[in-house]
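Asks: Numbering (the numbering used here), first residue to last: 39 to 145.
Just so you know, even glycine gets a beta-carbon here, dropped at the ideal spot from N, CA and C.
None of the values given here were measured: they were computed from a predicted structure.
Quick one: structure below, then a few questions.
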Amino acid sequence: MEKLKVKVTVDRPVGYLDSFNNRYPVNYGYIEGVIGGDGEEQDAYILNVPAKKLDVFIGIVTAVIHRNVDIETKWIVIPEGSTISVDEITTQTYFIEQHFDSHIELL
39 MEKLKVKVTV
49 DRPVGYLDSF
59 NNRYPVNYGY
69 IEGVIGGDGE
79 EQDAYILNVP
89 AKKLDVFIGI
99 VTAVIHRNVD
109 IETKWIVIPE
119 GSTISVDEIT
129 TQTYFIEQHF
139 DSHIELL
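This is how it looks when you write it as structure tokens:
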């Protein structure tokens with residue numbers, strides 16, 4: 039099965055500090071033109087890339103974080119040709135996802 043290739047626009051680059059005092063160790067953004075469950079553009083974590091600030095990233099959707107008490111999902115986007123495990127996703131997104139009851143679906 040062919041994986042979905044997407045372009046992520048980064049609005050929270052590595053080092054970003056949000057209003058809850060969470061510092062982002064990974065790039066995070068949205069997929070323009072794809073509307074998520076909250077009515078906003080689909081959110082995405084960019085994982086398995088060096089920790090440097092990005093403006094955009096083109097990669098493969100490899101997993102989805104489903105928040106169990108929320109209508110939002112977070113897509114996991116990684117470089118084409120790479121792989122990632124549930125444990126690696128959990129570790130790399132813990133800085134935010136620790137605050138939510140969620141589960142990860144590998145695609």
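Quick test of your reading: Pro117 and Asn86, contact by CB under 8 Å. State the CB separation rounded to the nearest angstrom.
Replies: By 1-based counting over the sequence shown, the position of residue 117 is 79. By 1-based counting over the sequence shown, the position of residue 86 is 48. With a Cβ gap of about 6 Å, Pro117 and Asn86 count as contacting.
Asks: Determine the extent of the beta strand (DSSP E) in which Thr47 is found, giving its start and end residues.
Replies: Position 9 of the sequence shown, counted from the start, is the residue given in the question as residue 47. Segment Lys43 to Arg50, the beta strand (DSSP E) holding Thr47.
Asks: Using a threshold of 8 Å, state whether the C-beta atoms of Ile96 and Asn65 are closer than that.
Replies: Here residue 96 refers to the residue found at position 58 of the sequence shown. Here residue 65 refers to the residue found at position 27 of the sequence shown. No, Cβ-Cβ distance for Ile96 and Asn65 is not below 8 Å.
Asks: Between Ile103 and Asp76, is the Cβ-Cβ spacing less than 8 Å?
Replies: Within the sequence shown, residue 103 is the residue found at index 65, counting from 1. Within the sequence shown, residue 76 is the residue found at index 38, counting from 1. The answer is no: Cβ separation not under 8 Å.
Asks: Val112: buried (16+ other C-beta within 10 angstroms of its C-beta) or exposed?
Replies: Taking the first residue of the sequence shown as 1, we reach residue 112 at position 74. Sequence check: residue 112 is Lys here, not Val. It counts as buried.
Asks: Where Ile73 and Thr128 are concerned, what is the direct C-alpha to C-alpha distance, given to the nearest angstrom?
Replies: For the purposes of this step, residue 73 is identified with residue 35 of the sequence shown, where counting begins at 1. For the purposes of this step, residue 128 is identified with residue 90 of the sequence shown, where counting begins at 1. Approximately 24 Å, taken between the alpha carbons.
Asks: Measuring CA to CA, which of Leu42, Tyr68 and Lys41 is closest to Asp49?
Replies: Locating residue 49 in the sequence shown gives position 11, where the first residue counts as 1. Of the candidates Leu42, Tyr68 and Lys41, the residue whose Cα lies closest to the Cα of Asp49 is Tyr68.
Asks: Rounded to whole angstroms, what's the CA-CA distance from Asn59 to Ala82? Just pull it up for me.
Replies: Taking the sequence shown and counting its residues from 1, the one referred to as residue 59 is at position 21. Taking the sequence shown and counting its residues from 1, the one referred to as residue 82 is at position 44. Taking the straight line from one Cα to the other gives about 20 Å.
Asks: Alpha carbon to alpha carbon, how far is Gly53 from Ile98? Give it in angstroms, no decimals.
Replies: What you label residue 98 is simply residue 60 of the sequence shown in a count that begins at 1. What you label residue 53 is simply residue 15 of the sequence shown in a count that begins at 1. Roughly 23 Å between the two C-alpha positions.
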